[in-house]
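Below you'll find the structure, written out as structure tokens, and then a few comments.
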Amino acid sequence: MDGFDNRTSYTPILPFWKDRMPHGERKDRVRKMYDTLAGVYYLWRSATHPVNMKRILEKLAMNSKDTLVDVGTGPGIVPIKLRKLGIENPILGVDLSPKEIEIARHKASKLSHNHLTFEVGDMEKLPLPDASHSRLCCIEALLLLDCPEKALSEFHRVLKPGGKAVIVEPKNTGLSKKLFYAFFKLALKSYSLFRTEYKNFSETDFRGPCYFTREKLEYTMNSCRFEHISLEEDHTHFYCVLEKNNGIH
Ligand SMILES: C[S@@+](CC[C@H](N)C(=O)[O-])C[C@H]1O[C@@H](n2cnc3c(N)ncnc32)[C@H](O)[C@@H]1O
Numbered sequence: 003m004d005g006f007d008n009r010t011s012y013t014p015i016l017p018f019w020k021d022r023m024p025h026g027e028r029k030d031r032v033r034k035m036y037d038t039l040a041g042v043y044y045l046w047r048s049a050t051h052p053v054n055m056k057r058i059l060e061k062l063a064m065n066s067k068d069t070l071v072d073v074g075t076g077p078g079i080v081p082i083k084l085r086k087l088g089i090e091n092p093i094l095g096v097d098l099s100p101k102e103i104e105i106a107r108h109k110a111s112k113l114s115h116n117h118l119t120f121e122v123g124d125m126e127k128l129p130l131p132d133a134s135h136s137r138l139c140c141i142e143a144l145l146l147l148d149c150p151e152k153a154l155s156e157f158h159r160v161l162k163p164g165g166k167a168v169i170v171e172p173k174n175t176g177l178s179k180k181l182f183y184a185f186f187k188l189a190l191k192s193y194s195l196f197r198t199e200y201k202n203f204s205e206t207d208f209r210g211p212c213y214f215t216r217e218k219l220e221y222t223m224n225s226c227r228f229e230h231i232s233l234e235e236d237h238t239h240f241y242c243v244l245e246k247n248n249g250i251h
């Protein structure tokens with residue numbers, strides 16, 4: 003596990019989360035689940051997207067030269083919303099699920115002059131050169147990983163000196179937990195009725211997510227190489243800003 007296995011330090015949402023899976027198995031299950039549900043997930047997510055985009059924008063503090071990567075972009079709702087809020091900077095969305103990326107590309111193609119691109123990729127090993135972007139965001143995705151620290155180290159690598167990452171994680175509040183769980187349970191059950199390849203695919207295959215507590219999020223953020231870290235919360239989410247050293251001492 004490269005010394006990164008601290009899964010037991012998260013708050014388990016479901017009892018079977020405590021079961022240990024071989025490293026990589028959860029990633030395959032997460033990819034398969036988001037691939038399977040991509041169409042219905044887009045509809046559900048765009049209708050219920052729970053994150054305050056203006057707050058994210060404020061925290062990203064972009065100028066006209068900045069380029070943004072949205073990691074764990076799913077069907078591209080965040081880049082498309084940013085574009086609709088008037089942000090014209092180039093935005094690259096990266097996601098593990100090829101189906102989510104297919105939907106993101108399709109939706110973005112309907113916008114004119116969009117400067118939005120999407121690529122399949124794993125945030126624990128981003129398909130991007132070192133110091134290639136000045137801004138990065140990751141919305142409600144870190145909780146799906148075995149090793150969030152690996153992703154944070156990748157975020158640090160791909161950011162330019164002085165670059166900034168904004169990470170938003172949902173809180174384990176009653177409503178978000180119930181909504182999330184109800185959606186996946188219903189969707190997975192429906193799919194297993196109609197798609198024979200997913201006959202035995204149930205919500206227990208997903209085994210997650212594991213929500214961060216404030217304490218664990220602080221601990222995780224502080225274990226990464228970013229220089230300035232801030233963490234705020236509202237009643238549903240944590241908002242973290244991480245800044246990479248600009249190399250000037
Ligand atoms: C809850 S969705 C959030 C999607 C999007 N950020 C939004 O706010 O609409 C989480 C996304 O993270 C992606 N994901 C999970 N693990 C990943 C990984 N290791 N690398 C890249 N994407 C990942 C999933 O495929 C899924 O699309």
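Using this note's numbering, read the sequence shown as starting at 3 and increasing by one per residue. In this text, a Cβ means the ideal position worked out from N, Cα and C, and glycines have one as well.
Check	Outcome
Same chain, Cβ closer than 6 Å to Ile141, five either side skipped, listed in chain order	Val53, Val80 and Val170
Residues that Thr222 bridges to, as DSSP identifies them	None, per the DSSP bridge assignment.
6 Å CB neighbourhood of Asp7 in its chain, flanking five on each side removed	Summary for Asp7: the model assigns pLDDT 39, below 50, so the residue's position carries little reliability, and this model does not support an answer.
Exposed unless 16 or more other CB atoms sit within 10 angstroms - verdict on His108	exposed
Cα-Cα separation, Asp236 to Thr50	17 Å
The region 29 to 45 touching the region 156 to 169, judged by at least three CB pairs closer than 8 Å	no
Contact check, Leu145 vs Leu70, beta carbons under 8 Å	no
Distance, His135 Cα to Lys246 Cα	12 Å
heavy atom of ligand 1 below 7 Å from Arg47 C-beta	yes
Assigned secondary structure, Ser96 (DSSP; H/G/I helix, E/B strand, else coil)	One detail in the question is off: residue 96 reads as Val in this sequence, not Ser. Correct three-state label for Val96: strand.
Cβ distance (whole Å) where Lys152 is taken to contact Glu121 below 8 Å	At roughly 19 Å, the Cβ-Cβ gap does not stay under 8 Å, so Lys152 and Glu121 are not in contact.
Reduced DSSP category for Gly164 - H, G, I as helix; E, B as strand; rest coil	strand
Distance cut-off 7 Å: His51 Cβ against heavy atoms of ligand 1	yes
Pairwise C-alpha distance: Leu188 and Leu233	34 Å
Burial state of Tyr12 (16 or more Cβ within 10 Å)	Interpretation of Tyr12 is limited by its pLDDT of 39, a score under 50 that renders its predicted location unreliable; the figure taken from the coordinates is listed afterwards. Classification for Tyr12: buried.
Nearest-angstrom Cβ-Cβ length linking Asp124 and Leu98, presumed shorter than 8 Å	6 Å
Buried or exposed (CB count within 10 angstroms, at least 16 for buried), Glu60	exposed
Asp72 burial status per 10 Å Cβ neighbour count (16 or more: buried)	buried
C-beta atoms of Lys40 and Lys101 nearer than 8 Å	The identity of residue 40 in the sequence shown is Ala, whereas the question assumes Lys. Taking 8 Å as the Cβ cut-off, Ala40 and Lys101 qualify as a contacting pair.
Check: Asp124 C-beta below 7 Å from any heavy atom of ligand 1	yes
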